[in-house]
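Protein chains in written order, with our numbering: chain A, 1 to 298; chain B, 299 to 603.
Glycine is no exception: its CB is placed at the ideal position from the N, C-alpha and C atoms.
Values in this document were obtained by computation on a predicted structure and should not be read as measured data.
To keep things clear, I will list the structure first and then write my remarks on it.
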């Protein structure tokens with residue numbers, strides 16, 4: 001909006017202030033103050049559940065149910081966290097979830113980059129038909145696949161294995177689509193020049209296309225890692241033994257067992273949330289800018 | 299061998315070199331096989347299951363034709379489930395789109411601290427719904443939950459948020475809005491960035507107020523983005539809600555929060571009526587398909603404007 005550069009670029013402020021006069025300047029200032037107030041109130045609403053989770057997780061059981069509510073525990077304790085590690089096998093859940101999420105994300109991104117490159121940069125017969133047929137599976141809700149995929153998994157003997165969690169989700173349409181969009185920003189001449197220099201097709205893909213796709217790559221890696229980490233329904237259906245649970249299923253089971261020990265449950269929720277949030281805050285600039293970059297425009 | 303496949307596949311008169319042919323074939327053949335086995339075959343299999351009385355434990359699964367669909371049409375619980383699904387979908391999508399639009403409009407002019415604000419609004423998007431639902435269930439707890447404790451300060455009696463047929467669904471909808479607002483705001487902000495600044499400058503010179511700017515310039519130009527957000531929200535809403543409802547109410551009380559996704563899971567994996575559950579998933583599929591076609595039509599109209 002217009003007032004954006006008003007704040008940011010001093011040289012423009014001068015010319016505009018001349019045009020509009022000082023009263024307008026004050027009006028805009030007041031306007032922004034109003035914006036900050038509303039956004040601040042909204043931000044508090046957004047963040048309260050997290051703060052309350054952390055606060056409860058450090059309270060002894062008696063304090064969690066005491067009135068009035070207190071933000072800071074009177075007798076802070078870490079016993080809830082110790083309980084979670086003892087009873088929920090947290091280390092195992094972290095390992096399983098990380099292992100599966102990393103492998104799935106690597107497959108998702110690699111296959112999508114490859115297909116995005118092929119559909120975006122090559123011209124061959126049937127290209128668009130194949131692309132749109134693959135893309136059409138995007139609209140099919142997972143619930144349609146749930147039952148047949150489960151029965152197929154049982155049939156091939158993959159029930160209760162990590163293979164069943166990973167294999168059906170190696171290829172993914174959304175990232176493929178995004179990479180194909182992104183390919184239009186990479187000049188085709190670059191690929192042709194590399195070919196003339198004698199580079200092989202795989203060399204071009206690995207050494208030219210992938211490095212040039214960095215912006216899309218980081219965003220999609222972050223999103224896919226998050227989605228894979230937070231996946232619930234399929235692991236819930238496929239995995240039955242506790243030592244193969246992922247973190248979401250583990251937390252859901254844990255909440256069922258400790259339903260009235262709020263401190264312990266909130267410690268479990270914190271442990272499920274904090275690693276992924278920390279990771280995301282570390283790379284968040286990429287993510288938020290990347291949503292725009294990869295062409296999310298209505 | 300590969301050479302002949304490639305020839306057939308890409309056509310001999312193509313301008314591609316052999317190396318490029320090979321590259322494309324090596325990448326596409328496994329992809330197409332995968333999609334055939336994991337994405338297309340299961341749809342036919344699901345339809346096949348929906349024509350049978352399919353139970354995981356029974357050895358025989360008798361063919362029943364379209365009986366499962368007829369049963370659905372006569373099942374009052376299914377109508378209730380569809381009503382709940384639509385209630386959650388439309389209320390959640392429209393309220394969510396409205397709140398996000400407000401946030402995006404007042405966040406857009408801000409420079410200082412905007413990254414921090416975006417991050418805060420984005421936190422719930424990054425959190426797994428299972429964990430968010432766990433927290434919300436605790437905050438909405440009737441006796442010790444934070445919300446009722448705060449309300450008691452202003453003299454409001456404890457409301458059994460998740461145990462009341464009136465309040466359970468609105469609670470889940472509000473939690474859904476909290477969880478999705480950050481993502482929608484970013485889509486709106488991207489749309490707002492695409493509006494040329496000249497428009498505002500010209501209008502300001504003509505003496506337009508900031509409310510006039512919002513109503514006469516921003517909203518009309520943002521219309522395609524708003525309709526994109528609404529339609530994708532509605533499409534996603536019909537198959538959504540499973541995780542939050544599974545964690546917070548399990549579909550209760552008295553099936554007042556039982557939505558389609560939960561109902562399918564419940565029938566297939568708790569009650570083991572896989573045939574019946576498959577027929578429901580096809581009803582869902584049909585709805586989503588129709589909405590998607592509507593979206594294609596609407597978006598085309600928007601581009602033409």
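Using a cut-off of 8 angstroms between C-beta atoms, extract the partners of residue i located in chain B.
| i | result |
| --- | --- |
| residue 56/A | 436 |
| residue 265/A | 432, 436 |
| residue 88/A | The contacting residues do not exist; residue 88/A stays about 13 angstroms from chain B at best. |
| residue 189/A | In chain order: nothing, as chain B lies at least about 16 angstroms away. |
Going by the DSSP bridge assignment, what does residue i pair with across the sheet?
| i | result |
| --- | --- |
| residue 350/B | 361/B |
Using 8 angstroms for Cβ pairs, my map puts residue i next to residue j. What's the rounded Cβ distance?
| i | j | result |
| --- | --- | --- |
| residue 121/A | residue 188/A | 6 angstroms |
| residue 248/A | residue 232/A | 4 angstroms |
| residue 212/A | residue 109/A | About 15 angstroms separates the two Cβ atoms, so there is no contact after all. |
| residue 118/A | residue 325/B | 6 angstroms |
| residue 435/B | residue 546/B | 5 angstroms |
| residue 315/B | residue 557/B | At roughly 53 angstroms, the Cβ-Cβ gap does not stay under 8 angstroms, so residue 315/B and residue 557/B are not in contact. |
| residue 477/B | residue 423/B | 7 angstroms |
| residue 515/B | residue 590/B | With a Cβ gap of about 31 angstroms, residue 515/B and residue 590/B do not count as contacting. |
Under a three-way DSSP split, which group does residue i fall into?
| i | result |
| --- | --- |
| residue 296/A | Residue confidence for residue 296/A is low, a pLDDT of 43 falling below 50, so the modelled location carries little weight; the figure read from the coordinates is stated next. In the structure shown, residue 296/A sits in coil (DSSP, three-state: anything other than H, G, I, E or B). |
| residue 21/A | In this prediction, residue 21/A has a pLDDT of 46, which is less than 50 and means its spatial position is unreliable; nothing more can be read from the coordinates. |
| residue 409/B | coil |
| residue 313/A | Residue 313/A is absent from the structure shown; chain A starts at 1 and stops at 298. |
| residue 109/A | helix |
| residue 89/A | coil |
| residue 465/B | coil |
| residue 490/B | helix |
| residue 371/B | helix |
| residue 340/B | helix |
| residue 514/B | helix |
| residue 391/B | helix |
| residue 569/B | coil |
| residue 322/B | helix |
| residue 172/A | coil |
| residue 75/A | coil |
| residue 563/B | helix |
| residue 239/A | coil |
| residue 272/A | helix |
| residue 203/A | helix |
| residue 9/A | Confidence in residue 9/A is poor, its pLDDT being 32 and thus under 50, which makes the residue's placement unreliable; the coordinate value appears in the next sentence. Coil. |
| residue 595/B | helix |
| residue 250/A | helix |
| residue 99/A | helix |
| residue 58/A | coil |
| residue 306/A | The structure shown does not extend to residue 306/A, since chain A is modelled only from 1 through 298, so no value can be given for it. |
| residue 83/A | helix |
| residue 383/B | helix |
Going along chain A in order, which residues have a C-beta closer than 8 angstroms to the C-beta of residue i?
| i | result |
| --- | --- |
| residue 476/B | 45, 46, 49 |
| residue 317/B | 200, 201 |
For a test of your reading of the model: does the CB of residue i fall under 7 angstroms from any non-hydrogen atom of the ligand COA? Yes or no.
| i | result |
| --- | --- |
| residue 212/A | The ligand COA is absent from the structure shown, which contains no ligands of any kind. |
What does residue i reach in chain B if we use C-beta pairs closer than 9 angstroms?
| i | result |
| --- | --- |
| residue 184/A | Neighbours of residue 184/A on chain B: none; closest Cβ ~17 angstroms, over 9 angstroms. |
| residue 258/A | Per Cβ cutoff of 9 angstroms: no residues; residue 258/A is ~11 angstroms from chain B at best. |
| residue 161/A | Near residue 161/A there are no residues of chain B at all, since even the closest Cβ is about 16 angstroms away, more than 9 angstroms. |
Against residue i, what residues of chain B qualify as contacts under a CB-to-CB distance less than 7 angstroms, listed in chain order?
| i | result |
| --- | --- |
| residue 248/A | 426, 428 |
| residue 237/A | 567 |
Residue i versus chain A: which residues are under 7 angstroms apart at the beta carbon?
| i | result |
| --- | --- |
| residue 636/B | In the structure as shown, chain B starts at 299 and stops at 603, and residue 636/B therefore has no counterpart that could be examined. |
| residue 393/B | Going along chain A, no residue has its Cβ under 7 angstroms from residue 393/B, so there is no contact; the nearest lies around 14 angstroms. |
| residue 383/B | In chain order: nothing, as chain A lies at least about 11 angstroms away. |
Residue i versus chain A: which residues are under 9 angstroms apart at the beta carbon?
| i | result |
| --- | --- |
| residue 401/B | 38, 39, 42 |
| residue 541/B | 230, 232, 233, 248, 252 |
| residue 572/B | 147, 150, 151 |
Open item on the list: Does the structure place the region 194–207 of chain A close enough to the region 81–96 of chain A that three or more beta carbon pairs sit under 8 angstroms?
Closed with: Proximity of the region 81–96 of chain A to the region 194–207 of chain A falls short of the contact definition, fewer than three beta-carbon pairs being nearer than 8 angstroms.
Open item on the list: Assess contact between the region 558–567 of chain B and the region 159–174 of chain A, defined as three or more Cβ pairs (one per stretch) separated by less than 8 angstroms. Is contact present?
Closed with: no
- [ ] Determine, using beta-carbon pairs with one atom in the region 497–504 of chain B and one in the region 417–426 of chain B, whether at least three such pairs fall under 8 angstroms.
- [x] no
Task: the region 359–379 of chain B / the region 514–534 of chain B touching (three or more Cβ pairs under 8 angstroms) - done: Counting Cβ pairs under 8 angstroms, fewer than three are found: no touch.
Open item on the list: When you compare the region 431–445 of chain B with the region 54–65 of chain A, are there three or more beta-carbon pairs, one atom per stretch, that lie closer than 8 angstroms?
Closed with: yes
Open item on the list: With a threshold of 8 angstroms, are at least 3 pairs of Cβ atoms found where one atom belongs to the region 223–239 of chain A and the other to the region 87–101 of chain A?
Closed with: yes
- [ ] State whether the region 551–559 of chain B contacts the region 329–339 of chain B, with contact taken as three or more CB pairs (one from each stretch) at a distance under 8 angstroms.
- [x] no
- [ ] State whether the region 140–148 of chain A contacts the region 576–586 of chain B, with contact taken as three or more CB pairs (one from each stretch) at a distance under 8 angstroms.
- [x] yes
- [ ] Indicate whether the contact test is met: 3 or more Cβ pairs, each with one atom in the region 508–526 of chain B and one in the region 481–496 of chain B, closer than 8 angstroms.
- [x] yes
- [ ] Could you say if the region 178–185 of chain A and the region 268–278 of chain A meet the contact criterion of at least three C-beta pairs nearer than 8 angstroms?
- [x] no
- [ ] Could you tell me whether the region 447–457 of chain B touches the region 71–82 of chain A, using the rule of 3 or more Cβ pairs below 8 angstroms?
- [x] Not touching, per the Cβ criterion.
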